[in-house]
Amino acid sequence: MSIHVKGLKMQPQVIATTPFEGQRPGTSGLRKKVGVFRQPHYLENFVQAIFDTQTDVAGGTLVVGGDGRYYNREAIQTILRMAAANGVKRALVGRGGILSTPAASCVIRKYRTRGGIILSASHNPGGPDGDFGIKFNIAAGGPAPESVTDAIFARTQTIREYRTLDCPATDLDELGTVRIGDMDVEIIDPVSDYAELMESLFDFNAIHQLFNSGIFRMRFDAMHAVTGPYAKEIIETRLGAAPGTVLNGEALEDFGGGHPDPNLAHAKELVAMTEGPDALDFGAASDGDGDRNMILGKKCFVTPSDSLAVLAANAHLVPGYRAGIRGVARSMPTSQAADRVAEQLGVECFETPTGWKFFGNLLDAGRITLCGEESFGTGSDHVREKDGLWAVLFWLNLLAVRQQSVSEILAEHWRRFGRNFYTRHDYEAVDATAAEGLMDHLRILLPGLAGRQLGEQTVRYADDFAYTDPIDGSRSERQGIRIGFESGARIVFRLSGTGTEGATLRIYLEFFEPDPERHLQDTQEAMQPLILIARELAQIEARTGRSEPDVVT
Ligand code: VG1
Ligand code: CO
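The opening position of the sequence shown corresponds to residue 1000 in this note's numbering, with each subsequent residue numbered one higher.
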């Protein structure tokens, strides 16, 4: 077969290749250093493994876009050539190769496509020495479930050839349709479908009035990552916030050298703007690919676990959720604050392993409306990814309707439900063998822990979390070590599945405080006894050589 387009001859090619080690997707797709992805055939092998296993993508429409990081454009050219050579009929590509993760999910769903390929390493730094990532999202719009990622991985281990097209690069910057081989490439506005969806869910008039009230000051920090154009269009243009409300709104290939992770450690400047005598009323930030969010009020930080609980308790105040919510789900390490709300509302509450892919079935089956993770991820059934701007708009809608500050809303929430104090301690780039050894050591301790006294706490249960999906019965094991105490406190240990250097040990700590008199204690201070238990039990210093965590959120 040879196809003529605009006088160009496009030859489908079959290229011989050999498998690479280690192409198993982690918590959220395959993430490696840019240098690894740039090896000849590396990206191609993984993409061909997607086409080889997800056979219904051929003959249909595929969405392609990424967070704009270094190597995004090159990877998209490779994927488009391979998609055409593999029989894909149409590709929808965000202009400039840009699609935030939630926007990609929105587009996959809205145009009833067969799925999408998202290029992102999310919060990991970018640039020539930074990280890159790729993941496949299914037709429902969400990250591929484990059965799919397992199949893709298995294919990468036996791959012998891939298909591509010998053709010039596609212009990604002009809206409109071009053809490569037998495939139409439609360059779409990356923002408009998503912005329209947001308008359908939230009371834009009420938020607009809040912005116009003259007494409300906010900033949104896009961290030089993908949400810049989305936030400018929605917050400044459509909602009428003052120009300059969006900080670092220009998306850069290396995120300006920063670490686009919206948390207390990496969004320090924004946090500082919500403190002091001239403090803002509201601050928010999003991550590299636009799916995470951080919410700050005046002198106040909303933990993501609390955010999920507050949104669940107040959802009826927002147009898109006026009918109430069906159920809530949280990842296992996320605090149990949302469970208390679900109980009062009389709706189901699910505890899933870490990673958004585990919410997909529950959302598709209509069992849950809202879901979230402690790692600054919140979302709903409007798409099948977590959604940073969505969470920010939800909070703005609540502030506009309740006419209260963030800290007043939180304080009231805690008075009504009690407060789940929560923190996460990360030990980054730890020696991988030492980290595995630490987890094995804990696993050995597990059977003897129940009933034991640790510090002031008595262990009620200790296990390695396993999950059976209530919809399709699939089972996921070894999802993190949980130690629950009689008091309701919890310590969770797990290793990150998104890092690219050594291992990252995450320790999640939580305790419940019903007494409003004690709701304003400092979290880290109040957490000290649990922190000590965790450090001693896991022998952290002896095994990792670290006496303090690198990041505390
Ligand atoms: C981390 C978070 C997890 C999140 C994942 C992807 O995974 O803990 O909750 O779903 O990142 O988020 P891990 O395995 O490193 O703990 V994103 O915004 O980086 O795509
Ligand atoms: Co992300």
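Where is the CB? At the ideal position from N, CA and C, for every residue including glycine.
Please determine, among Phe1019, Gly1067 and Asp1288, the residue with the shortest C-alpha to C-alpha distance to Ala1048.
Phe1019
Which residues have their C-beta within less than 5 Å of a heavy atom of the ligand VG1, listed in chain order?
Thr1026, Ser1027, Ser1121, His1122, Asp1290, Arg1291, Thr1353, Gly1354, Glu1372, Ser1374, Ser1495, Gly1496 and Thr1497
Give me the DSSP bridge partner(s) of Pro1011.
Leu1164
Supposed contact pair Ser1099 and Asp1288 - C-beta distance, whole angstroms, cut 8 Å
Between Ser1099 and Asp1288 the Cβ distance is about 6 Å, and since that is below 8 Å, they are a contact.
How about Thr1457 and Met1526: are their beta carbons less than 9 Å apart?
No. Outside cutoff.
Report the option in Gly1454, Arg1291, His1265 and Glu1407 whose CA atom is closest to the CA atom of Trp1355.
Arg1291
Does Ser1285 pass the burial test, meaning 16 or more other C-beta atoms within 10 Å, or should it be called exposed?
Flag for Ser1285 reads buried.
Quick check for students: name the residue ranges of the alpha helix (DSSP H) that lie wholly in the segment 1165-1246, counting only runs of 4 or more.
Runs of the alpha helix (DSSP H) lying entirely within the segment 1165-1246 and spanning at least 4 residues, in chain order: 1191-1200, 1203-1211 and 1226-1230.
For Gln1208, I'd like the list of residues in its chain whose CB is within less than 7 Å of its CB, leaving aside the five on either flank, ordered along the chain.
Around Gln1208: Ala1399.
Sequence ranges, beta strand (DSSP E) only - wholly within the segment 1330-1379, length at least 3
1347-1351, 1369-1372 and 1376-1379
Own chain partners of Asn1136 with C-beta closer than 7 Å, once the 5 adjacent residues on each side are dropped
Ala1103, Ser1104, Ile1107, Gly1114, Gly1115, Ile1117, Pro1142 and Ala1143
Taking only the alpha-carbon atoms, compute the straight-line gap between Ala1168 and Gly1180 and give it to the nearest angstrom.
12 Å
As assigned by DSSP and simplified to three states, the class of Ile1324
Ile1324: coil per DSSP, three-state reduction.
Touch check for the segment 1290-1305 and the segment 1468-1475: three-plus C-beta pairs under 8 Å?
no
Option nearest Glu1173 by Cα separation, candidates Asn1071, Ile1234 and Gly1096:
Of the listed residues, the one whose Cα sits closest to Glu1173 is Gly1096.
Spatial distance of Ser1486 from Phe1511 (CA atoms)
8 Å
Pairwise C-alpha distance: Ser1374 and Thr1552
9 Å
Identity of the residue in Arg1216, Gly1175, Ala1283 and Ala1264 nearest Gly1248 by Cα
Ala1283
Out of Phe1484, His1122, Pro1127 and Lys1231, which one is the CA nearest neighbour of Tyr1070?
Selected option, being the one with the closest Cα: Pro1127.
Could you give the DSSP three-state label for Ser1001: helix, strand or coil?
Confidence in Ser1001 is poor, its pLDDT being 43 and thus under 50, which makes the residue's placement too unreliable to answer from.
Cβ-heavy atom distance, Thr1100 to the ligand CO, below 8 Å:
yes
Among Thr1353, Leu1504, His1223 and Gln1335, nearest to His1424 - alpha-carbon criterion
Minimum Cα-Cα distance from His1424 among the listed residues Thr1353, Leu1504, His1223 and Gln1335 corresponds to Leu1504.
As a quick exercise: from Asp1521, Ile1482 and Asp1183, pick the residue whose alpha carbon is nearest that of Ala1537.
Ile1482
If you draw a straight line from the alpha carbon of Glu1268 to that of Met1222, how long is it in whole angstroms?
For Glu1268 and Met1222, the distance between alpha carbons rounds to 10 Å.
Along the chain, where does the beta strand (DSSP E) that runs through Gln1456 open and close?
Gln1456 to Asp1463
Residues in its own chain within less than 6 Å of Lys1005 by CB, not counting five upstream and five downstream?
The predicted position of Lys1005 is uncertain, since its pLDDT is 49 and thus under 50; a value taken from the coordinates is nonetheless stated next. Apart from the 5 residues on each side of it in sequence, Lys1005 has no Cβ closer than 6 Å to any other Cβ in its chain.
Tyr1554 versus Val1190: straight-line alpha-carbon distance, rounded:
One cannot answer for residue 1554 here, as it falls past the ends of the chain, which runs 1000 to 1552.
Note down the Cα distance separating Leu1279 from Val1147, rounded to an integer number of angstroms.
45 Å
With contact counted as at least three CB pairs below 8 Å, one residue from each stretch, are the segment 1439-1450 and the segment 1507-1522 in contact?
In short, these stretches do not touch, since the Cβ pair count stays below three.
Distance, Phe1358 Cα to Ile1470 Cα:
11 Å
Taking DSSP's pairing of strands, which residues face Thr1060 in a bridge?
Answer is Arg1089, bridged to Thr1060.
Please determine whether the Cβ atom of Asp1288 lies at a distance below 8 Å from any heavy atom of the ligand CO.
yes
Which runs of the beta strand (DSSP E), 3 residues or longer, sit entirely within the segment 1392-1462?
1418-1429, all fully within the segment 1392-1462.
For the ligand CO, any of its heavy atoms closer than 8 Å to the Cβ of Ser1334?
For the ligand CO, not one heavy atom lies less than 8 Å from the Cβ of Ser1334.
Determine, using beta carbons only, whether Thr1368 and His1122 come nearer to each other than 9 Å.
Judged by beta-carbon spacing, His1122 lies beyond the 9 Å limit of Thr1368, meaning their Cβ atoms are not closer than that value.
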